[in-house]
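In terms of this note's numbering, the sequence shown has 139 at position 145, counting the first letter as 1, and numbering is strictly consecutive.
What follows is a set of notes on a single structure, which appears directly below.
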Amino acid sequence: MIRLKNVTKKYKNHYALKNIDLKIDSGEFVFVVGSSGAGKSTLMKLLYSEEKPTSGVVSIGGINIANIKNDKIPNLRRCMGIVFQDYKLLQNQTVFDNVAYVIRTLGISSKEINDRVSGALKIVGLYEKRRAIPAELSGGEQQRVGIARAIVNGPPLLIADEPTGNLDPQNSMEIMQILDQINQRGITVIVSTHDNNMVDYFRKRVIKLDHGEIVKDKEAGTYE
Ligand SMILES: Nc1ncnc2c1ncn2[C@@H]1O[C@H](COP(=O)(O)OP(=O)(O)OP(=O)(O)O)[C@@H](O)[C@H]1O
Ligand SMILES: [Mg+2]
């Protein structure tokens, strides 16, 4: 599903990623780890085309997006859900509307919107709070809204860049368990994290970056 070939990303003269070769199959759950500045967010941004590689191939579903035209990016992102460390919710909109926001542009009926949003909110356990606004939710709940928004369109791929970076251990565990359940529905999940306890607990594939290079790629791996 995802293939990176000899990918390098330079910001001015600084190499954020160097000669990355990587294959991620459909249905995998992958942790991307490494210290601050190692290149985790840059790698994620290449996948959702927030940044373009300086050289190399980034292919998703067999299509090279390395030089994708900007007007094709919305289409690419319809095939993936993206979860951010800081949730990026609309503060003046309800939980329901935050999740519905993207699919309202698709020209589907309001019943269909209601069904899909309700389904996504039930998966993350927030259906009861659908009428709340973000300020009325805990951080963990806000991140669950972020996850519901990411999966509401039924994407085959979910990308989460430090989804638990602002959360305490208990909320982090809940979020990781939700991501694991989403993966068990067949969705490919890629999660960057600093959280060694989570990585050691879940024993998924671990890709470790150091100064922009892959220094470890291990099935059922640990943080160190
Ligand atoms: N827009 C940018 N312009 C210039 N340099 C950048 C930019 N974004 C990232 N970098 C640099 O590229 C390197 C990799 O950054 P990246 O954000 O990918 O690291 P990270 O592993 O996600 O770190 P963190 O754990 O702190 O989030 C760092 O040295 C960073 O300073
Ligand atoms: Mg980062």
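Note that beta-carbon positions come from the ideal geometry of N, C-alpha and C, so glycine has one too.
These numbers were taken from a predicted model, which means no experiment stands behind them.
- Taking residue 63 as reference, the option from 45, 200 and 73 with the minimal CA-CA separation is 45.
- For residue 154, there is no enclosing alpha helix (DSSP H); the residue is found in the beta strand (DSSP E) stretching over 151 to 155.
- Residue burial annotation: residue 81 is buried, with at least 16 other C-beta atoms found within 10 angstroms of its C-beta.
- Taking C-beta atoms as the reference points, residue 89 and residue 139 count as a pair closer than 8 Å.
- Taking C-beta separations shorter than 7 Å and ignoring five residues to either side along the sequence, the partners of residue 36 in its chain run 3, 10, 11 and 45, following chain order.
- When Cβ pairs closer than 8 Å are counted between the two stretches, the region 183 to 192 is seen not to touch the region 92 to 112, the count staying below three.
- Going by C-alpha positions, residue 85 is about 13 Å away from residue 125.
- The residues 15, 50 and 51, in chain order, have a CB closer than 7 Å to that of residue -1 in the same chain once the five nearest residues on each side in sequence are set aside.
- The beta carbon of residue 177 sits closer than 6 Å to the beta carbons of 23 and 183 from its chain, once the five residues preceding and following it are set aside; these are given in chain order.
- Assignment of beta-bridge partners to residue 2 by DSSP yields 49.
- In the structure shown, residue 189 adopts coil according to DSSP, grouped into three states.
- Shown here, residue 113 sits in a helix according to DSSP, grouped into three states.
- With a contact defined as Cβ atoms closer than 8 Å, residue 135 and residue 120 qualify at about 6 Å.
- In the structure shown, residue 195 adopts helical secondary structure according to DSSP, grouped into three states.
- Taking a C-beta distance under 8 Å as the contact criterion, residue 32 and residue 77 do not qualify as a contact pair.
- Taken through DSSP and simplified to helix, strand or coil, residue 170 comes out as helix.
- Residue selection by CB proximity (closer than 5 Å to any heavy atom of ligand 1) returns 5, 10, 30, 31, 32, 33, 34, 35 and 36 in chain order.
- At least one heavy atom of ligand 2 is found less than 7 Å from the C-beta of residue 155.
- Approximately 13 Å separates the beta-carbon atoms of residue 157 and residue 193; this is outside 8 Å, ruling out the contact.
- By the Cβ-count criterion, residue 200 is buried, with 16 or more other Cβ atoms from all chains shown falling within 10 Å of its own Cβ.
- By the neighbour-count criterion, in which a residue is buried when 16 or more other Cβ atoms sit within 10 angstroms of its Cβ, residue 27 is buried.
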